[in-house]
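Residue numbers (the working numbering), protein chains in the order written: chain E, 250 to 535; chain H, 79 to 658.
Below is one structure, written out as structure tokens, with a few remarks after it.
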């Protein structure tokens, strides 16, 4: 090869490298907070050694102070401890709901994209009906049928997000299926299953990783919303949405009761979203 | 450096003109820290009014950077040095962005390379053209509209009233290029920079665009024409400057430079032009120690020469158009490809070449007619039966990059192909297909690796590329990987759909030589589809000319090119750019 071609190749590599190496301030903060969340989720006592359910009526309604960073609630429970111990639950709900939504989405989307026109038509009409309801309403319907609770809330959020994923997967699948490299594989004599396994599925599903990360933030917000409405985790449990709901009663006198759980919901959603975007950018430049 | 009007220190066979529309002395451009990594260095040239200077070089030689620097568009990260840089006698060295903006379009026009992406797909072309008028003149709407129609007429797009409302998607490639030129000349700039104006255009359209540039030149416009193709610029350039690795290696009058090139790079570029080069002659210098004439041993060793390996019988493919009418993209095509020979299928865009290729590869089903491979039914067979024959039929695509799975490295692409070929070679799987025990060797991972390296070696690529992704390779390298992949199953037939049309002339020459070599070594039968008559003439034994889905003329290459019968063939041949 001529050295010019090699130079051109190097130039392209360099261009790709520049954005990959930089970590922005926002990304660094998101990464740090994500680390905190993971630690809090798996070993909550490491972050906050106290008992999230321990009542101490004498120190009820304390504003944030050096002893209780986030203040205390009406029963004197430390809000920081409760928020930290609630992380595991919230993350689990978010992750499981997203996994469920993505799983269903992959199933429906792959069926629609691969199994011919009749299946595609049926799945599409079904998705359109699902789209006609706002997601949260769909979730409420599920809860109405199966009764409130943390597990039901997870399933409800998962079901509510599935149609969106299914649509995206179907579109991605169709564009990958008709791409030149799939045709090239056909010309090389590959069978349909080999092509599906080796080329179509990886190229369809790789972008979903990003979508899933983005989805976790959304799922946590939704699950918290359900708990806030009293349809998710039940009150004494240290769940962010439930705590937010409990704090609402005292919002004028003890703002910290609602503020800190709310802050964590928002920060977690932002963290998941910005990490998702960061991964997306890196994949695009890779 | 001389600051006067006489280019004293200028060592060129043709002294620069006394009056310069563009005057460049010691132009050096680079990216990054000033003084570091110059991409273009020490360029000096002049262009007089009504003169055309062609800047010719391979991609990466710095042509486009030069053109962009001359209109202040080299970019934020670029640095620029020159002892003199003057347009129409005005010093433009170190102009601010605002000052440049006032000059662009008025003093210098730029026609960009890719007409498809250089026009905003959502804006009517009339608006695009009127932009510069709105910015630089005080004309009112009506006057502007009149001016736009006038300019459109000048670039050969009459019927301006409907044209101005069309968007780039509604125009053909040639019309888009004309619209771009119209936008650049709307203000009658005395200097026009034209970057690869005819790449990707059909020969007849290409000839028309060159004529248009010629007419602008006759009106006194100074033109800097940038191209990788000497044959194209030879038609209109008065002088040619050959660039290589950021420097002008040779500069001189067109006739002199083409007839008696002094530099190695120039000679190489002239040699690379396939037009009128008989079949079998190399377009690139032969590798060291090899005899200049490649012995035709393999061909003689082939069994049953002349046997038909690929055949189409009355192939038809119709497409339903949005308005409900049926268009025949391919309308009854029959041809035969004999073993060890090359059949060239030539036609302009829209003539049904690519549809034919897809039918041949059984990527789409013909509405009538049949494709037969090695005497067996191919298009009529089921995909399961067809898979036994697929290893005999390799394919090379125009856009090699998109034919590779973007996740895979070069090594993985080739490994896939090798494994696939091995699997198909299993006798119990092959059924009644031709048995290929030769492909069963090396069932192990190390055997696969050896085969991959062998394939890379056959297309002269270093094994260091194995871990790279096709995206980071050059166009020529990508096409070589594509060829290596097609060879993995050791096919008897190669279908090449525009194999070199995305490549520079010099890289094109390397790929054409490679295909020729492979054909000799392995007795391959080639079907080459191209819009480029020069390429077709150079590679083909027989030629079939396509027009609107039909083959209008077919015969041995010498006959079709020497004594064309059909008027369409004649008009195509007349438009081929030649080094006269």
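Virtual Cβ for every residue (Gly too), placed ideally from N, Cα, C.
What does a CB cutoff of less than 7 Å around residue i pick up in its chain, not counting 5 residues either side in sequence?
{"i": "residue 323 of chain E", "result": "309, 310, 499"}
{"i": "residue 355 of chain H", "result": "361, 616"}
{"i": "residue 219 of chain H", "result": "none"}
{"i": "residue 398 of chain H", "result": "404"}
{"i": "residue 159 of chain H", "result": "106"}
{"i": "residue 262 of chain H", "result": "187, 188, 189, 270"}
{"i": "residue 458 of chain H", "result": "448"}
{"i": "residue 654 of chain H", "result": "281, 353, 611, 612"}
{"i": "residue 454 of chain H", "result": "467"}
{"i": "residue 208 of chain H", "result": "222, 226"}
{"i": "residue 229 of chain H", "result": "207, 260, 263, 264"}
{"i": "residue 541 of chain H", "result": "531, 534"}
Could you tell me which chain E residues have their CB closer than 7 Å to the CB of residue i, listed as they occur along the chain?
{"i": "residue 498 of chain H", "result": "437, 438, 439"}
{"i": "residue 477 of chain H", "result": "429"}
{"i": "residue 495 of chain H", "result": "437"}
In chain order, what residues of the same chain have a beta carbon less than 6 Å from the beta carbon of residue i, not counting five sequence neighbours either side?
{"i": "residue 92 of chain H", "result": "Confidence at residue 92 of chain H is low in this model, with a pLDDT of 43, below 50, so its placement is unreliable and the value that follows should be read with caution. These residues qualify, in order along the chain: 317, 330, 331."}
{"i": "residue 520 of chain E", "result": "279, 282, 283"}
{"i": "residue 587 of chain H", "result": "350, 361, 362"}
{"i": "residue 525 of chain E", "result": "459, 462, 463"}
{"i": "residue 317 of chain E", "result": "311, 327"}
Just the chain H side, please: which residues come within less than 7 Å of residue i by C-beta, in chain order?
{"i": "residue 529 of chain E", "result": "Within chain H, no residue comes near residue 529 of chain E; the closest Cβ sits about 15 Å away, beyond 7 Å."}
{"i": "residue 432 of chain E", "result": "441"}
Distance check for residue j and residue i, CA to CA, integer angstroms please.
{"i": "residue 464 of chain E", "j": "residue 344 of chain E", "result": "9 Å"}
{"i": "residue 436 of chain E", "j": "residue 468 of chain H", "result": "6 Å"}
{"i": "residue 374 of chain H", "j": "residue 418 of chain H", "result": "Unreliable placement is indicated for residue 374 of chain H, whose pLDDT of 43 sits below 50; no coordinate value is reported for it."}
{"i": "residue 404 of chain E", "j": "residue 383 of chain E", "result": "16 Å"}
{"i": "residue 488 of chain E", "j": "residue 374 of chain E", "result": "37 Å"}
{"i": "residue 134 of chain H", "j": "residue 557 of chain H", "result": "23 Å"}
{"i": "residue 371 of chain H", "j": "residue 256 of chain H", "result": "Residue placement at residue 371 of chain H is flagged as unreliable, the pLDDT there being 45, under the threshold of 50; a coordinate-derived value is accordingly withheld."}
{"i": "residue 464 of chain H", "j": "residue 444 of chain E", "result": "16 Å"}
{"i": "residue 131 of chain H", "j": "residue 297 of chain H", "result": "16 Å"}
{"i": "residue 493 of chain H", "j": "residue 291 of chain H", "result": "49 Å"}
{"i": "residue 630 of chain H", "j": "residue 642 of chain H", "result": "11 Å"}
{"i": "residue 559 of chain H", "j": "residue 359 of chain E", "result": "31 Å"}
{"i": "residue 496 of chain H", "j": "residue 340 of chain E", "result": "45 Å"}
{"i": "residue 329 of chain E", "j": "residue 319 of chain E", "result": "5 Å"}
{"i": "residue 633 of chain H", "j": "residue 651 of chain H", "result": "15 Å"}
{"i": "residue 185 of chain H", "j": "residue 413 of chain H", "result": "54 Å"}
{"i": "residue 645 of chain H", "j": "residue 410 of chain H", "result": "20 Å"}
{"i": "residue 420 of chain E", "j": "residue 552 of chain H", "result": "31 Å"}
{"i": "residue 392 of chain E", "j": "residue 354 of chain E", "result": "20 Å"}
{"i": "residue 529 of chain E", "j": "residue 441 of chain E", "result": "29 Å"}
{"i": "residue 381 of chain H", "j": "residue 538 of chain H", "result": "Reliability of the predicted coordinates at residue 381 of chain H is poor, the pLDDT of 45 falling under 50, and the value obtained from them is presented with this limitation in mind. Looking at the two C-alpha atoms, the distance is approximately 28 Å."}
{"i": "residue 622 of chain H", "j": "residue 161 of chain H", "result": "55 Å"}
{"i": "residue 116 of chain H", "j": "residue 283 of chain H", "result": "36 Å"}
Looking only at its own chain, which residues have a Cβ that is under 8 Å from the Cβ of residue i, when we skip the five neighbours before and after it?
{"i": "residue 288 of chain E", "result": "295, 296"}
{"i": "residue 307 of chain E", "result": "325"}
In chain H, which residues lie with their C-beta within 8 Å of the C-beta of residue i?
{"i": "residue 377 of chain E", "result": "Neighbours of residue 377 of chain E on chain H: none; closest Cβ ~24 Å, over 8 Å."}
What does residue i reach in chain E if we use C-beta pairs closer than 8 Å?
{"i": "residue 480 of chain H", "result": "428, 429, 430"}
{"i": "residue 273 of chain H", "result": "In chain order: nothing, as chain E lies at least about 17 Å away."}
Along chain E, which residues have their Cβ under 9 Å away from the Cβ of residue i?
{"i": "residue 360 of chain H", "result": "Neighbours of residue 360 of chain H on chain E: none; closest Cβ ~16 Å, over 9 Å."}
{"i": "residue 485 of chain H", "result": "448, 451, 452, 455"}
Please find out if some non-hydrogen atom of the ligand ATP comes closer than 7 Å to the beta-carbon of residue i.
{"i": "residue 309 of chain H", "result": "Only the bare structure without any ligand can be found here, which leaves the ligand ATP out of the picture."}
Residues of the stretch 439 to 454 of chain E in Cβ contact with chain H at a cutoff of 9 Å, in chain order, please. 439, 440, 441, 443, 447, 448, 451, 452
Which full runs of the beta strand (DSSP E) of 3+ residues lie inside the stretch 129 to 200 of chain H, going along the chain? 130 to 134, 156 to 159, 162 to 165, 186 to 189
Check distances from the C-beta atoms of the stretch 455 to 477 of chain H to those of chain E and list, in chain order, the residues that come in under 9 Å. 461, 462, 464, 465, 466, 467, 468, 469, 471, 472, 473, 475, 477
Using a Cβ-Cβ cut-off of less than 9 Å, list which residues of the stretch 612 to 635 of chain H approach chain E; keep chain order. none
Check each residue of the stretch 115 to 132 of chain H: if its Cβ is closer than 9 Å to any Cβ of chain E, include it; give the result in chain order. none
Along the stretch 150 to 173 of chain H, what residues have a CB closer than 8 Å to any CB found in chain E? none
Tell me the start and end of each unbroken alpha helix (DSSP H) in the stretch 374 to 443 of chain E that is at least 4 residues and wholly inside, in chain order. 384 to 395, 399 to 426, 429 to 436
In chain order, what are the residue ranges of uninterrupted beta strand (DSSP E) at least 3 long that sit wholly in the stretch 512 to 591 of chain H? 571 to 575
Output needed in chain order: residues of the stretch 587 to 608 of chain H with a Cβ under 8 Å from some Cβ in chain E. none
Can you check the stretch 297 to 382 of chain E for any alpha helix (DSSP H) of at least 4 residues that lies completely inside it and give the ranges in chain order? 328 to 363, 365 to 381
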